[in-house]
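J.: Shown below is the structure under consideration.
Protein chains in written order, with our numbering: chain A, 660 to 853; chain B, 5 to 159.
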């Protein structure tokens, strides 16, 4: 059933891509509406900033529109778009000036579900959870970009190893190795609170 | 050889730890992981830390932006697309107009018999410099970017 639904979406993605290639902006708009949340959260996971995620995900759609002629309509749209999003995010991260600005203006980009539930009954616990969240965010920020990417796709987007491997075009073994290294680094950063 | 074997053994253990942690492990590998954890206290300690980390990350989700962000999203993309086209047209028009202006002024200055020769040479050098810079930038943007086969490869 799920597979049928995903096939249906893919078929209509196909059609939308073909229409967009013919210059139909409404069809491209439909693709934007369909994937804007995924693109935004992918960028948020890689940049850790709402403003950057909004700007870069929109920029990715603009570049996708300009490069639409090079897209094979038989291939799924999102993995292609994701490649643009990640390249933009990696470029931004490499710009040290921007990174410094981002760190100075950093606002939380993760939400603690468990902390939100317990905050009403126990304010002390809430402060502790908030500290844990900000330390986790800082530890994720400190990860090398490729480790961070795999961790975000696994932990916060909930993808399976096969899906991550397909999205990034790498073997499953590499996904698991990067994930291991990322988690080991995080565990070291959070050592005393784990 | 034995080092390589040890490295590949470590790699296998790491993958077992990951697939065990993420629930993507076949039953036969679970038994193998349990045996390894029982026989190696350091590994069991690491497993414990990874499990606690997983508990923490499992409670975290992306912070949602305000709902109205999504209402304006496509409009923002559309406006940026439109402005991009506007900037291209404006730039092209400006280039043609500025080029014509420079050409007309240069002709006027060169035909001016009262102007000293060194000023004419300076004007000519300035114009030539602008043209060389413009052609160089244009060539880089249009041709080198297009024919660079590895431009999308991340180094």
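Ideal placement from N, C-alpha and C gives every residue a C-beta, glycine not left out.
1) Sort out for me which residues DSSP pairs residue 703 of chain A with in a bridge.
2) So the alpha helix (DSSP H) residue 73 of chain B belongs to, where does it begin and stop?
3) Taking 8 Å as the CB-CB limit, is residue 819 of chain A close to chain B?
4) Counting only Cβ-Cβ distances shorter than 7 Å, please list the residues of the region 825 to 843 of chain A near chain B, keeping chain order.
5) Is DSSP giving residue 677 of chain A helix, strand or coil here?
6) Quick one: list the residues of chain A neighbouring residue 44 of chain B, beta-carbon separation under 7 Å, in chain order.
7) Pick out whichever of A:850, A:846, A:825 has its Cα sitting closest to the Cα of residue 735 of chain A.
8) Within 8 Å, do at least three Cβ pairs link the region 699 to 712 of chain A to the region 807 to 819 of chain A?
9) Taking a Cβ distance cut-off of 8 Å, strictly less, list which residues of the region 685 to 715 of chain A are near chain B, in chain order.
10) If we cut at 8 Å on Cβ distances, does residue 736 of chain A have a partner in chain B?
11) Hey, out of A:719, A:737, A:768, whose CA is closest to residue 67 of chain B's CA?
12) Closer than 7 Å by C-beta to residue 748 of chain A: which residues in its own chain qualify, once you throw out the five before and the five after it? Chain order, please.
13) Return yes when the Cβ of residue 844 of chain A is within less than 8 Å of the Cβ of residue 806 of chain A, no when it is not.
14) Would you report the Cα separation of residue 699 of chain A and residue 36 of chain B, rounded to the nearest angstrom?
15) Can you name, in chain order, every residue of its own chain whose Cβ lies under 7 Å from the Cβ of residue 726 of chain A, other than the five neighbours on each side?
16) On the criterion of 16 or more Cβ atoms from any shown chain inside 10 Å, does residue 112 of chain B qualify as buried, or is it exposed?
17) Check residue 64 of chain B in the structure and name its three-state DSSP category.
18) Determine, using beta carbons only, whether residue 770 of chain A comes closer than 8 Å to chain B.
19) Quick one: grab the DSSP three-state call for residue 802 of chain A.
20) Contact check, residue 33 of chain B vs residue 23 of chain B under 8 Å by CB: the rounded distance?
21) Per DSSP, residue 771 of chain A forms a beta bridge with which residues?
22) Suppose you measure from the CA of residue 696 of chain A to the CA of residue 126 of chain B; what does that come to, to the nearest Å?
23) Measuring straight from C-alpha to C-alpha, what distance separates residue 677 of chain A and residue 827 of chain A?
24) Can the beta-carbon of residue 65 of chain B be found less than 8 Å from the beta-carbon of residue 770 of chain A?
25) Quick test of your reading: residue 839 of chain A and residue 55 of chain B, contact by CB under 8 Å. State the CB separation rounded to the nearest angstrom.
26) What residues from chain B crowd round residue 846 of chain A, counting only those whose CB sits closer than 7 Å?
27) Compare the Cα-Cα distances from residue 792 of chain A to each of A:853, A:717, A:673, A:834 and report the closest residue.
28) Using a Cβ cut-off of 8 Å, which residues of the region 87 to 102 of chain B contact any Cβ in chain A, in chain order?
29) Within this structure, are the beta carbons of residue 719 of chain A and residue 680 of chain A separated by less than 8 Å?
30) Taking the alpha-carbon positions, what's the residue 848 of chain A to residue 804 of chain A distance?
T.: Let's see:
1) Beta bridge pairing from DSSP links residue 703 of chain A with no other residue.
2) 72 to 115 is the span of the alpha helix (DSSP H), which, as asked, contains residue 73 of chain B.
3) Yes, residue 819 of chain A counts as interfacial toward chain B.
4) Those residues of the region 825 to 843 of chain A that come within reach of chain B (Cβ to Cβ, closer than 7 Å) are 832, 835, 836, 838, 839, 842.
5) Reduced to three states, the DSSP call for residue 677 of chain A is helix.
6) Within 7 Å Cβ-Cβ: nothing; residue 44 of chain B doesn't reach chain A, min ~16 Å.
7) It is A:825 whose Cα lies nearest to the Cα of residue 735 of chain A.
8) Counting Cβ pairs under 8 Å, three or more are found: they touch.
9) Under the 8 Å Cβ criterion, the region 685 to 715 of chain A contributes 688, 691, 692, 695, 696, 699, 700, 703, 704, 709, 713.
10) Interface criterion not met: the Cβ of residue 736 of chain A is under 8 Å from no Cβ in chain B.
11) Checking every option, the nearest Cα to that of residue 67 of chain B belongs to A:768.
12) The residues are 702, 705, 706, 715.
13) Taking a C-beta distance under 8 Å as the contact criterion, residue 806 of chain A and residue 844 of chain A qualify as a contact pair.
14) One alpha carbon belongs to residue 699 of chain A, the other to residue 36 of chain B, and they sit about 40 Å apart.
15) If we look at residue 726 of chain A and ignore the five residues flanking it on each side, it has no Cβ neighbours.
16) Residue environment analysis places residue 112 of chain B among the exposed positions, since fewer than 16 neighbouring C-beta atoms fall within 10 angstroms of its C-beta.
17) In the structure shown, residue 64 of chain B sits in a strand (DSSP, three-state: E or B).
18) Taking a beta-carbon distance threshold of 8 Å, residue 770 of chain A counts as an interface residue toward chain B.
19) Reduced to three states, the DSSP call for residue 802 of chain A is coil.
20) Going by Cβ atoms, the distance from residue 33 of chain B to residue 23 of chain B rounds to 7 Å, so yes, they are a contact pair.
21) Answer is B:64, bridged to residue 771 of chain A.
22) It is roughly 57 Å from the alpha-carbon of residue 696 of chain A to the alpha-carbon of residue 126 of chain B.
23) Between residue 677 of chain A and residue 827 of chain A, the alpha-carbon positions lie close to 24 Å from each other.
24) Yes. Within cutoff.
25) Taking C-beta atoms under 8 Å as the contact rule, residue 839 of chain A and residue 55 of chain B fail to qualify, at a distance of about 14 Å.
26) Within chain B, the residues near residue 846 of chain A are 53, 54, 57.
27) With distances taken between Cα atoms, residue 792 of chain A lies closest to A:853.
28) When CB distances to chain A are screened at a threshold of 8 Å, the residues of the region 87 to 102 of chain B falling below it are 88, in chain order.
29) Contact check for residue 719 of chain A against residue 680 of chain A fails: the beta carbons are separated by 8 Å or more.
30) Residue 848 of chain A and residue 804 of chain A: Cα-Cα distance of roughly 16 Å.
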